[in-house]
DNA sequence: ATTCTTCTATTTGTATACAAAGATGGCTCA
DNA sequence: TGAGCCATCTTTGTATACAAATAGAAGAAT
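Protein chains in written order, with the numbering used here: chain A, 79 to 295; chain B, 79 to 295.
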């Protein structure tokens with residue numbers, strides 16, 4: 079294991095994303111180090127990296143805390159996601175191969191099948207969220223713009239955004255899956271404006287679902 | 079001076095942005111440390127931070143190099159900038175105060191005055207570039223979306239992008255200044271679609287100027 | 001009792017030491 | 001002569017030690 083720093087980075091990151099470390103909890107380097115059985119150096123590196131990604135806030139000489147997000151932040155995030163992901167659709171559509179379209183269609187089917195099963199929410203929702211990430215990730219990859227991918231990545235690794243499906247109503251879930259289908263259909267037809275528009279609607283709908291409509295702004 | 083790491087970060091950063099350290103030059107921690115009279119620890123931290131921002135590439139156990147950008151990268155960057163900065167215009171327009179509009183108008187005037195002086199290019203262009211950054215930065219600030227600002231910032235701190243005016247023809251420069259004026263006019267009129275459209279055109283025009291039209295893509 | 005101050009303990013920032021992984025160069029062997 | 005291998009040297013990764021800064025608490029003054 080050549081890079082302790084990377085593994086501890088992953089550990090802290092997943093701890094934050096899973097909510098295990100939420101609530102602006104203070105992250106003391108020494109504590110993390112001893113609990114992981116390593117020295118402060120790689121812990122420190124991991125924390126700075128997480129800070130660069132916006133997952134933790136660090137103040138000089140005052141250490142790191144898990145970052146927090148309010149409604150305004152979430153609104154910003156979904157706003158930008160709607161723009162960037164629809165742009166990804168626009169770029170991806172004229173480049174899409176039949177194999178890639180098929181891949182996306184398969185994800186759609188799998189998600190629809192998952193939605194129909196009578197598994198408990200605790201089992202179904204994480205699986206759906208995982209497939210959802212694959213779907214969106216594939217389109218971003220198809221856009222062939224590495225920077226676009228990076229920008230979106232820095233936006234979405236925020237706990238609530240990653241767990242979007244947890245707050246979905248059955249109707250919202252169904253709409254979401256229909257959006258996925260429509261996006262693929264539009265891409266198949268080579269209509270990038272259509273595809274981008276549906277993606278935009280898709281993300282904005284998710285925003286309202288997560289934030290609720292009771293926003294005064 | 080409590081934070082050596084931050085100052086060395088700034089030093090390396092400006093060295094890269096000014097082109098002083100360009101060309102995928104290797105950045106050896108020890109060398110930088112001794113040349114700055116400090117230890118490797120803050121140098122290392124600065125390098126990791128620069129890596130997170132995309133200004134240097136680091137490979138495990140192989141150190142850091144100054145990042146390089148090809149035409150494809152630049153195309154991506156201007157593409158995304160055109161989308162994000164026009165969005166900033168859209169958000170900023172309904173929020174713009176008369177004082178802010180005035181501020182932007184003053185920048186326009188100062189830039190026009192600068193363009194008319196018969197100073198040498200070496201003196202005029204950096205001054206113009208600085209004002210240009212202030213103009214764009216102000217609009218981003220007016221958009222009141224901190225994340226949007228961060229995303230744009232990670233895109234533009236690439237040498238060639240920052241020195242855009244260096245490659246401008248006189249005609250391109252004049253067009254650029256007219257764009258600025260038109261953006262302010264549109265914002266003054268409260269027409270965010272107009273403002274966003276001009277901004278989009280403004281950045282895409284810059285892209286063609288920087289890349290040249292001899293692209294196959 | 002409240003506020004201000006000072007002292008101490010905790011925590012971060014930097015330096016140094018050591019271990020491990022890569023790169024380099026010369027050597028052997030064909 | 002050229003390819004492959006071994007030794008060494010450089011450079012990065014991690015641990016530890018020390019210095020500086022902040023936070024928290026106890027105590028003094030009003």
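Glycine residues also receive a C-beta, built at the ideal position from the N, C-alpha and C atoms.
When the distance is taken between beta carbons, is residue 107(A) closer than 7 Å to residue 274(A)? As a working note, residue 274(A) is residue 196 in the first chain. As a working note, residue 107(A) is residue 29 in the first chain. No. Outside cutoff.
Hey, residue 158(A) and residue 229(B) are a contact pair by Cβ (cut 8 Å); roughly how many whole angstroms apart? For the purposes of this step, residue 158(A) is taken as residue 80 along the first chain, with counting starting at 1. For the purposes of this step, residue 229(B) is taken as residue 151 along the second chain, with counting starting at 1. Yes, residue 158(A) and residue 229(B) are in contact; Cβ-Cβ is about 7 Å, under 8 Å.
CA nearest to the CA of residue 272(B), picked from 260(B), 256(B), 182(B), 282(B): Taking the second chain and counting its residues from 1, the one referred to as residue 272(B) is at position 194. Looking at the Cα atoms, 260(B) is the closest of the given residues.
Check whether residue 186(A) and residue 258(A) have beta carbons under 7 Å apart: Within the first chain, residue 186(A) is the residue found at index 108, counting from 1. Within the first chain, residue 258(A) is the residue found at index 180, counting from 1. Contact: yes.
Terminal residues of the beta strand (DSSP E) in which residue 199(B) lies: Your numbering for residue 199(B) matches position 121 in the second chain. Looking at the DSSP string, residue 199(B) is not in any beta strand (DSSP E); the run it does join, the alpha helix (DSSP H), is 199-220.
Smallest Cα separation from residue 252(A): which of 214(A), 211(A), 233(A), 192(A)? In the first chain, residue 252(A) corresponds to position 174, counting from 1. Among 214(A), 211(A), 233(A), 192(A), the Cα nearest to that of residue 252(A) belongs to 192(A).
Taking Cβ-Cβ distances shorter than 8 Å, what residues in chain A pair up with residue 161(B)? Counting from 1 along the second chain, the entry for residue 161(B) is found at position 83. Residues of chain A passing the Cβ test: 161, 162, 165.
Taking Cβ positions only, does residue 225(B) come closer than 7 Å to chain A? Position 147 of the second chain, counted from the start, is the residue given in the question as residue 225(B). True, the Cβ-Cβ gap to chain A drops below 7 Å.
Determine the extent of the alpha helix (DSSP H) in which residue 271(A) is found, giving its start and end residues. Numbered from 1 along the first chain, position 193 holds the residue referred to as residue 271(A). Start and end: 270-289.
Selection of the region 140-159 of chain A by Cβ proximity to chain B, strictly under 8 Å: 151, 154, 155, 157, 158
The alpha helix (DSSP H) with residue 96(B) in it runs from where to where? If you number the second chain from 1, residue 96(B) lands on position 18. Element bounds for residue 96(B): n/a, residue is neither H nor E.
With 7 Å as the threshold, decide whether the Cβ of residue 229(A) is near any Cβ in chain B. To locate residue 229(A), count along the first chain from 1; it is residue 151. Interface residue, yes.
Where residue 109(A) and residue 139(B) are concerned, what is the direct C-alpha to C-alpha distance, given to the nearest angstrom? Numbered from 1 along the first chain, position 31 holds the residue referred to as residue 109(A). Numbered from 1 along the second chain, position 61 holds the residue referred to as residue 139(B). Computed Cα separation, rounded: 27 Å.
Distance CB(residue 133(B))-CB(residue 94(B)) smaller than 7 Å: As a position in the second chain, residue 133(B) is number 55, starting the count at 1. As a position in the second chain, residue 94(B) is number 16, starting the count at 1. In contact: residue 133(B) and residue 94(B) (Cβ atoms closer than 7 Å).
Could you tell me whether the Cβ of residue 295(B) comes closer than 7 Å to any Cβ of chain A? Position 217 of the second chain, counted from the start, is the residue given in the question as residue 295(B). Low local confidence applies: a pLDDT of 39 at residue 295(B) is under 50, so the model's placement there is unreliable, with the coordinate-based value given in what follows. Not an interface residue.
By the three-class DSSP mapping on this structure, what secondary structure does residue 137(B) have? Locating residue 137(B) in the second chain gives position 59, where the first residue counts as 1. Strand.
Contact with chain B by residue 130(A), beta-carbon distance below 7 Å: In the first chain, the residue the question calls residue 130(A) occupies position 52. By this cut-off, residue 130(A) is an interface position.
Neighbouring residues, chain B, relative to residue 120(A) (Cβ below 8 Å): As a working mapping, residue 120(A) is identified with position 42 in the first chain. The premise fails here: residue 120(A) is roughly 11 Å from chain B at the closest Cβ pair, so nothing lies under 8 Å.
Would residue 172(B) count as contacting chain A if we go by Cβ distances under 7 Å? The residue labelled residue 172(B) in the question sits at position 94 within the second chain. For residue 172(B), the answer is no, since every Cβ of chain A falls outside 7 Å of its Cβ.
What residue does the alpha helix (DSSP H) around residue 127(B) start on, and which one ends it? Taking the first residue of the second chain as position 1, residue 127(B) is located at position 49. Per DSSP, residue 127(B) belongs to the alpha helix (DSSP H) from 118-130.
Within-7 Å CB hit, residue 81(B) to chain A: The count along the second chain starts at 1 and reaches residue 81(B) at position 3. It does; some Cβ of chain A falls within 7 Å.
Name the one or two DSSP bridge partners that residue 142(B) has. Looking up residue 142(B) in the second chain gives position 64. Bridge partners of residue 142(B): 105(B), 136(B).
Excluding the 5 residues flanking residue 123(A) on each side, which residues of the same chain have their C-beta closer than 6 Å to its C-beta? Taking the first residue of the first chain as 1, we reach residue 123(A) at position 45. Once the five neighbours on either side are set aside, the close Cβ partners of residue 123(A) are 83.
Below 8 Å, can you find three or more Cβ-Cβ pairs linking the region 187-206 of chain A to the region 139-149 of chain A? no
Hey, residue 154(A) and residue 281(A): beta-carbon distance below 7 Å or not? Counting from 1 along the first chain, the entry for residue 154(A) is found at position 76. Counting from 1 along the first chain, the entry for residue 281(A) is found at position 203. Not in contact: residue 154(A) and residue 281(A) (Cβ atoms no closer than 7 Å).
Using a Cβ-Cβ cut-off of 7 Å (strictly less than) and excluding sequence neighbours within five positions of residue 118(B), which residues of its own chain qualify? By 1-based counting over the second chain, the position of residue 118(B) is 40. Excluding sequence neighbours, residue 118(B) sits near 107, 108, 111.
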